[in-house]
Amino acid sequence: MTGDFLIVKKYLSNPLVTGTIFLTLAGTTSRFMGFFFRIFLNNVMGSTGLGLYQLVIPLMSVCMSLCCNGFQTATSKLVAEKPQNRQIILICAIIMSATIALLLTIIMYSNANYISLCILSEPRCTELVKALSFSILPAAIHSCINGYYYGLKKATIPAATQLIEQTARIGTCYLIYAILSDGGSCFKPVYSIYGIVAGEASATVFSVITIKKDFSYFKISVKSLKTTAYGMAALFIPLSLNYILASFSSSVENVLIPRTLKLYGLSPALALDIFGTISGLTLPVLLFPGVLCSCACVMLLPSVSEANAAGKDTKITKTINSCALFGLCFGLIFTCIFYLLSDFIGDFLFSSKLCGYFLRRLCFLCPLMHISGMLCSILHGLGKAKQVLFVNLLTCAIRILMIMLLVPHYGIDAYLWAMLVSHVFVTLAVGILTCHTAHK
1463 MTGDFLIVKK
1473 YLSNPLVTGT
1483 IFLTLAGTTS
1493 RFMGFFFRIF
1503 LNNVMGSTGL
1513 GLYQLVIPLM
1523 SVCMSLCCNG
1533 FQTATSKLVA
1543 EKPQNRQIIL
1553 ICAIIMSATI
1563 ALLLTIIMYS
1573 NANYISLCIL
1583 SEPRCTELVK
1593 ALSFSILPAA
1603 IHSCINGYYY
1613 GLKKATIPAA
1623 TQLIEQTARI
1633 GTCYLIYAIL
1643 SDGGSCFKPV
1653 YSIYGIVAGE
1663 ASATVFSVIT
1673 IKKDFSYFKI
1683 SVKSLKTTAY
1693 GMAALFIPLS
1703 LNYILASFSS
1713 SVENVLIPRT
1723 LKLYGLSPAL
1733 ALDIFGTISG
1743 LTLPVLLFPG
1753 VLCSCACVML
1763 LPSVSEANAA
1773 GKDTKITKTI
1783 NSCALFGLCF
1793 GLIFTCIFYL
1803 LSDFIGDFLF
1813 SSKLCGYFLR
1823 RLCFLCPLMH
1833 ISGMLCSILH
1843 GLGKAKQVLF
1853 VNLLTCAIRI
1863 LMIMLLVPHY
1873 GIDAYLWAML
1883 VSHVFVTLAV
1893 GILTCHTAHK
């Protein structure tokens, strides 16, 4: 009994384990909230309204890739490698990230009509794009602060930030709905974007208040800021290109799917309805259990970076093997669950048989998604962002080409095949790359 207690204590003393636990609890809670929030949105806006909402969300992903994700990852890596310079690293990241975010806000707001008509092919999205632009700057600031705490292996603050953001987002939307219900008005898709803005703003306020205590006696110098900026840029550029590519690919797919379904012979309303079901209902269900792996990925990067800087090759190899095995077993469990319960999930949660059909067809992606995600995080920690970028570029090209060439002839089933083929390719590619890097 004492031996078991000591083993548990040893694991809990590992910041990678405790950080993953904190983030998983927060992420699971947040996803549960978001899960039922989507049911709420589907009920008050309908599948067409949800489709409009899903059309503009990738724009947020693209902006996050340009000014948030890369800086968060770079901040986490640099702070883990040089904790003594953590304050200057964070200040540099916020200045660079906020500058890009401000430019993106201006561009998106002033060109909202063009984006809606020419890129999204949906004029009803103009108001949503304008509202979404105001969420970019606060998202950039609290993303950098989260990266700072990840680098220090202190996951409690980012976990709390995530819960605050989700609570503010859902609370704002429900408050608007309650006010409109009393007045007899309907809930427009743009109101869901107001919730996103409120969530990002609340998370930023909390993050800034929390981080202030770490900067009580800190003095900044122009020389140190300039040196750190060069190091930040060297990491930020390839990392951001990876995130940008993923977001760009998602945005292109979200535009192509309704268009190619129309070429297949479906009406515009039915094409948007199917797109809203698969992107707004099925994929969130499929990605829901991935919260554990995604949280582990966040904590893996600084841990691997630290081990790599210290030359601990044995630890890195052990981490790679453990992550691949965990991702495989974890993914297979949920493949079985989703396959057996797909009809129940679709009918009970969303009253959509189509959602259950998509879930049953896509559940085989679970092991591939979890393994590739964890291995990509390890490769980023080992400084192989350029190689991951090349693999992701080929993966996106495969999926987009299959959508363009096959969906007009075979319908939505061709998109499901494109998802499977691309995930098989990326998992094999990053697996080979990781093994090669580890045994070099």
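Mapping of the sequence shown onto this note's numbering: residues 1463 to 1902, in sequence order. For every residue, glycine included, the Cβ atom is placed at its ideal position computed from N, Cα and C.
> For residue 1527, which of 1580, 1545, 1492 and 1700 has the nearest alpha-carbon?
Replying inline: 1700
>> Report the start-end ranges of each alpha helix (DSSP H) in the stretch 1642-1679 that is 4 residues or longer and not cut off at the edges.
In response: 1651-1673
>> Using the three-state DSSP reduction, which class does residue 1573 fall into: helix, strand or coil?
In response: coil
>> Under 8 angstroms, Cβ to Cβ, is there at least one residue of chain D near residue 1529?
In response: Absence of chain D from the displayed structure is noted, only one protein chain being present.
>> On a Cα-Cα basis, can you pick out the residue from 1832, 1876, 1822 and 1891 that is closest to residue 1851?
In response: 1891
>> Runs of 4 residues minimum, wholly inside the stretch 1795-1850: which ones carry the alpha helix (DSSP H) assignment?
In response: 1815-1824 and 1828-1843
> So, helix, strand or coil for residue 1903, using DSSP?
Replying inline: The structure shown does not extend to residue 1903, since the chain is modelled only from 1463 through 1902, so no value can be given for it.
> With C-beta atoms as the reference, is residue 1600 less than 8 angstroms away from residue 1611?
Replying inline: no
> In terms of residue numbering, what span does the alpha helix (DSSP H) encompassing residue 1737 cover?
Replying inline: 1730-1739
>> Within 10 Å of its beta-carbon, does residue 1576 have 16 or more other beta-carbons around it, so buried, or fewer, so exposed?
In response: exposed
>> If I follow the unbroken alpha helix (DSSP H) through residue 1744, where does it start and stop?
In response: Unbroken run through residue 1744: none, as it is neither H nor E.
> Are the beta-carbon atoms belonging to residue 1718 and residue 1894 less than 8 angstroms from one another?
Replying inline: no
> Taking all protein chains shown into account, do 16 or more other C-beta atoms lie within 10 angstroms of the C-beta of residue 1809, making it buried, or fewer, making it exposed?
Replying inline: exposed
>> For residue 1483 and residue 1867, what's the separation of their Cα atoms in angstroms?
In response: 43 angstroms
> So what does DSSP say about residue 1903, is it helix, strand or coil?
Replying inline: The structure shown has nothing for residue 1903, since the chain only spans 1463 to 1902.
> Is residue 1789 helix, strand or coil when you go by DSSP?
Replying inline: helix
>> One question on the structure: do residue 1792 and residue 1832 come within less than 8 angstroms of each other, judged by their Cβ atoms?
In response: yes
>> Taking the beta carbon of residue 1641 as the centre, do at least 16 other beta carbons fall within 10 Å, making it buried, or is it exposed?
In response: exposed
> Of the choices 1885, 1855 and 1487, whose alpha-carbon is the least far from that of residue 1703?
Replying inline: 1855
> Where do the ends of the alpha helix (DSSP H) carrying residue 1592 lie?
Replying inline: 1588-1595
> If you run the structure through DSSP and keep just helix, strand and coil, what is residue 1489?
Replying inline: helix
> Terminal residues of the continuous alpha helix (DSSP H) containing residue 1528?
Replying inline: Counting along the chain, residue 1528 falls outside any alpha helix (DSSP H), and DSSP gives it neither H nor E.
>> Output needed for residue 1444: all residues of its chain with C-beta closer than 7 angstroms, excluding positions within five of it in sequence on either side, in chain order.
In response: Any question about residue 1444 goes unanswered here, given that the chain covers just 1463 to 1902.
> So, helix, strand or coil for residue 1777, using DSSP?
Replying inline: helix
>> Does residue 1617 come out as helix, strand or coil in the three-state DSSP assignment?
In response: coil
>> Could you check whether the stretch 1536-1543 touches the stretch 1712-1729, counting it as contact only if at least three pairs of C-beta atoms, one from each stretch, sit closer than 8 angstroms?
In response: no
>> Relative to the C-alpha of residue 1796, which candidate in 1784, 1812, 1829 and 1781 has its C-alpha closest?
In response: 1829
> DSSP on residue 1772, reduced to helix/strand/coil?
Replying inline: coil
> Among 1517, 1502 and 1629, which residue has its Cα nearest to the Cα of residue 1579?
Replying inline: 1517
> Nearest-angstrom Cα distance between residue 1812 and residue 1823?
Replying inline: 17 angstroms
> If residue 1839 sits next to residue 1743, beta carbons under 8 angstroms apart, how far is it from one beta carbon to the other, in whole angstroms?
Replying inline: About 27 angstroms; that fails the 8 angstroms criterion.
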